[in-house]
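Chemist: Here you go, one structure.
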Amino acid sequence: MSEFCIESLTVTRINVPLIKPISMAFGAVSTAHILLVRIRDSDGVKGVGEATLLGGPHWNEESAESALAIIETYLAPAIKGVKFSGIEALSNRLVSLVRRNSLARSAVEKAAFDLIGRRLGVPISDLLGGRCRQEIPVAWTLSNGGAEREISDGEEAIEKRAHACFKLKFGHADPSDDIARASKIIDHFSGRARVIADVNQGWDEVTAARAFPALQEAGLLAIEQPLPAENLEGIARLRHGLGFDVIADEAATGPEATFKLAAALAASAVSLKPSRDGGLLATKRTAAIADAAGMKLYGGGMIETSVGTAASAHVYATVPKLTFGCELFGPLKLVEDIVQDSVKIKGGALKVPESPGLGVEIDEEKIARLVTGEPITRVYLAPFDQSENRV
Ligand SMILES: [Mg+2]
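For the sequence shown, counting from 1, position 243 maps to 232 in this note's numbering; every step adds exactly one.
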């Protein structure tokens, strides 16, 4: 590549409401808080990256406000005007400047990947080693608080897009109610769709120990993050002899955390999330460590627009074994996407974009409509309202 530098970096703050709130163990999320990072190089080539803060500091340590401050105060000044010498070097520079704060760093790294892909005329997946698959199976979340409505939602999802895996959100109801609900849904979709349950750290070890035999009997495919992320020993104890997979999500915060999970035998599978792992390169390393340890992989999602969704799809397409497919249904959950043509999900799978860079083009008119002008959004979570119909 000829010599160039990144001349500008701007961050746009967007709040996109969800079509229906999603109930999780910590509360109901109704809005995706998005930071859109846009860079332009000295030749005029552009790149875009996304950080979506779903649930804000209730979910992990970052918020839209903190990520915005990290990008504008620490990351942007360090890369603007500096000769570009490769994405590994840029990613390493971001880590050396800012520890943790993965969402902030990953948004900048994604924008750099998009820009380099456009400069070279290749999709990001080519920059990450090339694709092992062109399409990725996509799960669909059922979380509206009752088996009957969720079965109805599931039937609609199968009819519309042929999903073959459903994810149930656990942890905001009594565990016995969650088990009964899961059993009905697993039974109803038997032979047509498998079921993963996500507890979002909502149980303690005793609750999980009581719940697991019934969930195994019901035919659950996997359970995601049943215990708080810190309790690796608890998961290791519970996993002994278990007949379904335990996926680490909140505990899997990148390569180092995944190495610890493997060493502690505290998961049989790992949920990848580039925004949480620290970027696309960090996700590649996370996947390699998990695979080397014999752990299965799941392509996690954070209800992102097609920008963040495409970035994740590119790296997931390059992972040799992606046993549980992905949950990159974000654009389908938002009232509006921010690109001209959203990523395609049909036949139960996401088609990985083929155009250079991310393979999606942002739509300035849509973005202008979604910029609220609110400098800070202090309320991330709505209280639970079981009478309300939820996704
Ligand atoms: Mg999860």
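By construction, the Cβ of each residue, glycine as well, lies at the ideal position given by its N, Cα and C atoms.
I need the residues with a C-beta less than 7 Å from some heavy atom of ligand 1; please give them in chain order.
Modeler: D187, N189, E213, Q214, D238, E239, S260 and G289
Chemist: Identify whether F102 lies in helix, strand or coil by the three-state DSSP scheme.
Modeler: helix
Chemist: On a CA-only basis, which of S12, E239, G75 and L254 is nearest V102? Give me that one, please.
Modeler: Here residue 102 is Phe; the residue named in the question, Val, does not match the sequence. The residue with the shortest Cα to Cα distance from F102 is G75.
Chemist: Taking the alpha carbon of G288 as the point to measure from, which residue in D326, A300 and A218 has its own alpha carbon closest?
Modeler: A300
Chemist: May I ask you to verify whether the stretch 131 to 147 touches the stretch 102 to 115, counting CB pairs closer than 8 Å and requiring at least 3?
Modeler: With a cut-off of 8 Å, the stretch 102 to 115 and the stretch 131 to 147 do not count as touching, because too few Cβ pairs lie within range.
Chemist: Closest by CA to L109, which one among V360, A357 and G348?
Modeler: G348
Chemist: Which word fits A240, buried or exposed, when buried means at least 16 other C-beta atoms lie within 10 angstroms of its C-beta?
Modeler: buried
Chemist: Hey, could you find the ends of the beta strand (DSSP E) L131 is sitting in?
Modeler: W129 to L131
Chemist: If you follow the alpha helix (DSSP H) that I212 is in, where does it begin and where does it stop?
Modeler: Where I212 is concerned, there is no enclosing alpha helix (DSSP H), although the beta strand (DSSP E) it sits in stretches over A211 to E213.
Chemist: Comparing C-alpha positions only, which one of P215, L79 and Q123 sits nearest to K340?
Modeler: Each of P215, L79 and Q123 was checked against the Cα of K340, and the nearest Cα belongs to Q123.
Chemist: Please list, in chain order, all residues of the same chain as V304 whose beta carbon is under 7 Å from its beta carbon, the five residues on each side excluded.
Modeler: L117, P263, L269, T272 and K273
Chemist: To the nearest angstrom, how far is the alpha carbon of T307 from that of I125?
Modeler: 11 Å
Chemist: Using CA coordinates, which residue listed in D187, L92, E148 and R89 is at the minimum distance from L131?
Modeler: D187
Chemist: Please return the same chain residues whose Cβ sits closer than 7 Å to the Cβ of D142, not counting the five positions on each side in sequence.
Modeler: L131 and N133
Chemist: If you follow the beta strand (DSSP E) that F155 is in, where does it begin and where does it stop?
Modeler: For F155, the enclosing beta strand (DSSP E) begins and ends at C154 to K158.
Chemist: Determine the DSSP secondary structure at I365, reduced to helix, strand or coil.
Modeler: The predicted position of I365 is uncertain, since its pLDDT is 45 and thus under 50; a value taken from the coordinates is nonetheless stated next. I365: coil per DSSP, three-state reduction.
Chemist: Just reading off the beta strand (DSSP E) that D234 is part of, what are its end residues?
Modeler: D234 to A237
Chemist: State the Cα-Cα distance for the pair A100 and E54, rounded to the nearest angstrom.
Modeler: 19 Å
Chemist: Cα separation between E77 and L317?
Modeler: 25 Å
Chemist: Rounded to whole angstroms, what's the CA-CA distance from F(-7) to R150? Just pull it up for me.
Modeler: In this structure, the alpha-carbon of F(-7) lies about 43 Å from that of R150.
Chemist: Tell me which residues share the same chain as E325 and place their Cβ nearer than 8 Å to its Cβ, disregarding the 5 neighbours each side in the sequence.
Modeler: V5, K355, R358 and L359
Chemist: For the stretch 7 to 23 against the stretch 163 to 176, are there 3 or more C-beta pairs whose distance is under 8 Å?
Modeler: These segments do not touch.
Chemist: Is DSSP giving T352 helix, strand or coil here?
Modeler: According to the sequence displayed, residue 352 carries Asp and not Thr. Of the three classes helix, strand and coil, the one that applies to D352 here is coil, per DSSP.
Chemist: For D193, does the count of other Cβ atoms within 10 angstroms reach 16, so buried, or fall short, so exposed?
Modeler: exposed
Chemist: Please classify K335: is it buried, with 16 or more other beta-carbons within 10 angstroms of its beta-carbon, or exposed?
Modeler: Label assigned to K335: exposed.
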